[in-house]
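Have a look at the structure below before the remarks.
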Amino acid sequence: MKKVFGAVLATAIALALTACGGNSSTAETAASTAGASASAADGSEELADEQVLNLVYTDLSLLDVNDARNSNEMQVLTEVQEGLFRTFTDENGVDQTENAGCTSYEISDDNLTYTFHLRENAKWSDGQPVTAQNYVDSWIRLLTAENAFPYYFLASGIAGAEEYYEGTGSAEDVQVSAPDDYTLVAFLAAPDPSFIKKVGMVPMYPIRKDLIDAAEAAGKDWTNDYTLHVFNGPFVISDRVLENSMTLTKNDQYWDKDNVKLTQVNLRVVDETATQAQLMESQQVDVLKLTDLEYVDQWQSLVDDGSFQHIVSDTPSSSYISFDMHEEGNGGPSGLMLNAKVRKAIMLAFDREEFNEMFQDGLSTPAYGLVPNGITVNGQEYRSIAGDLLLSDEDQKLASDPDALKALFQEGMEEAGVSGTPEDVTLTTIVYDSTTLTANENEWFKQQLADKLGVTLDVETYPDVSTWKAARDSYQYDFYVMGWYADYDDPANFLDLFTSTSPYGKFMGGFSNADYDALMEQADSSLDESKRADLFTQAEKILMDQAGVCPLYFENAQIYAQSYVKGLSFPLFGADVEFSRAYIVKH
23 MKKVFGAVLA
33 TAIALALTAC
43 GGNSSTAETA
53 ASTAGASASA
63 ADGSEELADE
73 QVLNLVYTDL
83 SLLDVNDARN
93 SNEMQVLTEV
103 QEGLFRTFTD
113 ENGVDQTENA
123 GCTSYEISDD
133 NLTYTFHLRE
143 NAKWSDGQPV
153 TAQNYVDSWI
163 RLLTAENAFP
173 YYFLASGIAG
183 AEEYYEGTGS
193 AEDVQVSAPD
203 DYTLVAFLAA
213 PDPSFIKKVG
223 MVPMYPIRKD
233 LIDAAEAAGK
243 DWTNDYTLHV
253 FNGPFVISDR
263 VLENSMTLTK
273 NDQYWDKDNV
283 KLTQVNLRVV
293 DETATQAQLM
303 ESQQVDVLKL
313 TDLEYVDQWQ
323 SLVDDGSFQH
333 IVSDTPSSSY
343 ISFDMHEEGN
353 GGPSGLMLNA
363 KVRKAIMLAF
373 DREEFNEMFQ
383 DGLSTPAYGL
393 VPNGITVNGQ
403 EYRSIAGDLL
413 LSDEDQKLAS
423 DPDALKALFQ
433 EGMEEAGVSG
443 TPEDVTLTTI
453 VYDSTTLTAN
463 ENEWFKQQLA
473 DKLGVTLDVE
483 TYPDVSTWKA
493 ARDSYQYDFY
503 VMGWYADYDD
513 PANFLDLFTS
523 TSPYGKFMGG
533 FSNADYDALM
543 EQADSSLDES
553 KRADLFTQAE
563 KILMDQAGVC
573 PLYFENAQIY
583 AQSYVKGLSF
593 PLFGADVEFS
603 RAYIVKH
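For the record, in the sequence shown the residue sitting at position 536 is 558 according to our numbering, with numbers rising by one throughout.
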């Protein structure tokens with residue numbers, strides 16, 4: 023899943039070597055996280071006097087695990103809090119989920135009852151034990167509709183959960199319980215093959231309801247005031263300057279504190295990519311995930327001389343175009359987006375290989391399906407099972423013939439009741455990011471549509487995200503570019519977004535297809551992994567045939583770390599960088 027490049031890898035580091043896709047280069051042998059920890063402990067590597075890690079980050083809008091929704095929140099909360107499991111990467115860069123808040127669990131023969139045995143030495147930073155009731159409180163709070171937490175659906179498979187969320191049942195009817203302080207039991211309404219993956223996510227972490235209730239009663243901002251929180255993860259938040267910095271320090275109450283070498287992690291808000299790069303080059307930042315891909319070439323010499331470790335990783339993310347397929351939107355400003363032939367012609371008009379070379383420096387993977395690399399089912403990478411759906415002979419024949427594409431678009435216009443020819447059509451896309459890159463991408467979209475279909479594209483730029491959202495929610499677009507980063511390892515995490523009942527439907531364009539819904543319903547409840555893979559593939563084929571979404575590319579993360587930082591993990595799911603077992607060697 024991940025690859026690591028650079029001569030420094032002769033020493034033991036917890037990074038990956040084997041890869042699925044990404045950039046090709048020479049990789050040195052590396053040891054696993056466990057090996058890295060052992061080598062430091064047995065004296066083969068001399069630890070630096072100061073065990074301090076320096077990172078850049080985007081400031082958080084909240085510290086509430088139940089309400090966490092963005093990658094920056096997941097990154098910090100994963101390190102200062104802890105749920106039932108924690109994910110690292112093995113010597114091959116493959117995600118390895120370990121028991122954390124629990125020591126073991128059982129699943130009943132009918133796959134409906136999950137019993138978790140909690141770790142009896144787990145404590146909050148104020149010395150209080152982490153109990154099963156903390157999990158029960160969290161899951162009920164996550165399901166409380168008035169809180170409007172976006173990830174409520176993670177717990178919605180528990181018996182009674184949907185009824186409680188919809189207001190037809192009570193919290194007491196939700197079948198999650200704490201028979202004793204260290205036993206947590208959940209009874210599902212129907213088998214859910216991905217339930218274990220869901221319960222390990224940040225929104226399912228335990229909470230201290232007593233502190234939340236006390237803060238709310240006193241009118242305090244518990245959501246974002248770190249001084250009102252306690253922590254049960256490897257680190258605690260010890261200082262914070264809003265929109266500037268955050269300091270994490272080692273949690274002396276953490277059950278596995280002996281394996282936490284870092285004493286402090288400094289997080290800094292640094293907006294400019296050039297400044298981030300300068301800080302990395304001057305060793306003021308220790309790990310950096312690139313957003314400006316030009317540095318891949320610039321830093322190759324630093325990789326070659328052993329100064330930097332270069333990690334290329336599949337990321338479980340997909341960037342794509344959402345069409346306005348909402349009935350309320352009447353097909354967008356053009357009146358055409360409800361027609362599948364129009365959408366299909368647009369989808370096939372874009373040269374993904376060219377887009378990747380021009381705007382991703384050839385470092386991403388052109389997408390010919392929705393579900394990205396790195397997502398697995400039945401023990402295999404899903405993309406290798408489903409294949410590249412948009413590379414079918416029929417689709418490629420259309421894509422290579424502008425006249426045929428234009429004829430398809432014209433057929434769609436006639437079916438939609440829009441008169442004229444493609445040359446009379448103006449499509450509208452909406453953006454709020456006015457960077458040079460975004461502007462250049464939209465110019466490319468314009469040119470592709472003009473060359474292949476004869477269609478004009480109008481780019482409406484909004485001053486901020488709030489005005490952009492208002493335009494989106496009032497259907498003032500034909501399409502816009504967005505993306506999705508997987509929360510857990512299952513194709514359903516992408517394909518469920520496009521069901522008719524998806525809570526994310528308004529962001530995904532409002533695609534609705536009864537056959538698609540039926541396939542996804544079967545896949546989401548089947549315990550036969552081979553059958554699930556087939557059902558997912560059938561559903562994704564419908565999504566591509568109907569152009570319910572237009573995939574563009576799958577991102578491959580380009581991450582750099584200083585040579586003296588060891589023991590890092592870069593899991594596909596959860597935190598971008600898992601540094602709870604990292605350490606600094608003398609340099």
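Backbone N, C-alpha and C define an ideal beta-carbon position, used for all residues, glycine too.
Counting the other CB atoms within 10 Å of its CB gives K242 a total below 16, which places it among the exposed residues. Note on H332: 16 or more other CB atoms within 10 angstroms of its CB, so buried under the neighbour-count rule. V98 is classed as buried because its beta carbon has at least 16 other beta carbons within 10 Å across all chains shown. Judged by DSSP secondary structure, R405 falls within the alpha helix (DSSP H) whose first and last residues are Y404 to A408. Secondary structure at T166: coil, using DSSP grouped into helix, strand and coil. Looking at the backbone, the Cα of V481 and that of D159 are separated by about 46 Å. The distance from the Cβ of N578 to that of S406 is about 16 Å, inconsistent with a contact at the 8 Å cut-off.
Nearest to A211 by alpha-carbon distance, out of G384, A177 and E194, is A177. At a cut-off of 3 residues, the continuous stretches assigned as beta strand (DSSP E) that sit fully inside the segment 50 to 134 are 74 to 78, 107 to 111, 117 to 121 and 124 to 129. Here Y484 carries a coil assignment [DSSP, helix/strand/coil]. Secondary structure in the segment 300 to 347: the alpha helix (DSSP H) runs of 4 residues or longer, each lying completely within the stretch, are 317 to 320 and 322 to 326 in chain order. Partner residues in a beta bridge of N395, as assigned by DSSP, do not exist. Take F253, set aside five residues on each side of it, and the residues of its chain with a beta-carbon closer than 8 Å to its own are V102, Q103, W146, S147, I259 and N273, in chain order.
With respect to the 8 Å criterion, Q305 and Q584 are classified as neighbours on the basis of their beta carbons. When rounded, the separation of the alpha-carbon atoms in A362 and S340 is 21 Å.
For N94, same chain residues with a beta-carbon under 8 Å away, outside a window of 5 residues either side, are Y79, T80, D81 and L82 in chain order. Looking at H348, A421, G384 and F595, the one whose alpha-carbon comes closest to that of Y497 is H348. Taking 8 Å as the cut-off, the Cβ atoms of T483 and S456 count as close.
Linking I162 to I180 through their CA atoms gives a straight-line distance of about 10 Å.
Nearest in C-alpha terms to T478, of all of T451, Y526 and V291, is T451. Annotation: A604 is outside any beta strand (DSSP E) and is labelled neither H nor E by DSSP. An exposed status is given to N169, since fewer than 16 other beta-carbon atoms sit within 10 Å of its beta-carbon. Contiguous beta strand (DSSP E) elements confined to the segment 549 to 590 occur at 572 to 584, taking only those with 3 or more residues.
For P388, DSSP records a beta bridge to Y575. Residue ranges of uninterrupted beta strand (DSSP E) with 3 or more members, entirely inside the segment 465 to 522 and ordered along the chain, are 478 to 483 and 501 to 507. Here H609 is exposed. Its C-beta has fewer than 16 other C-beta atoms within 10 Å. Approximately 20 Å separates the beta-carbon atoms of Y276 and R262; this is outside 8 Å, ruling out the contact. DSSP, read as helix, strand or coil, puts L210 in strand. Of the residues G149, T398, L370 and T153, the one whose Cα lies closest to the Cα of A389 is L370.
L594 carries a coil assignment under DSSP once its states are collapsed to helix, strand and coil. Per DSSP, the beta bridge partners of E600 are S591. A Cβ-Cβ contact shorter than 8 Å links D308 with N76. G354 is not a Cβ neighbour of G222, given a cutoff of 8 Å. Per the Cβ contact rule, the segment 505 to 521 is not in contact with the segment 373 to 384 (fewer than 3 Cβ pairs under 8 Å). Q432 counts as buried, since at least 16 other C-beta atoms from the protein chains shown sit within 10 angstroms of its C-beta.
In this chain, M530 is not harboured by any alpha helix (DSSP H), its DSSP state being neither H nor E.
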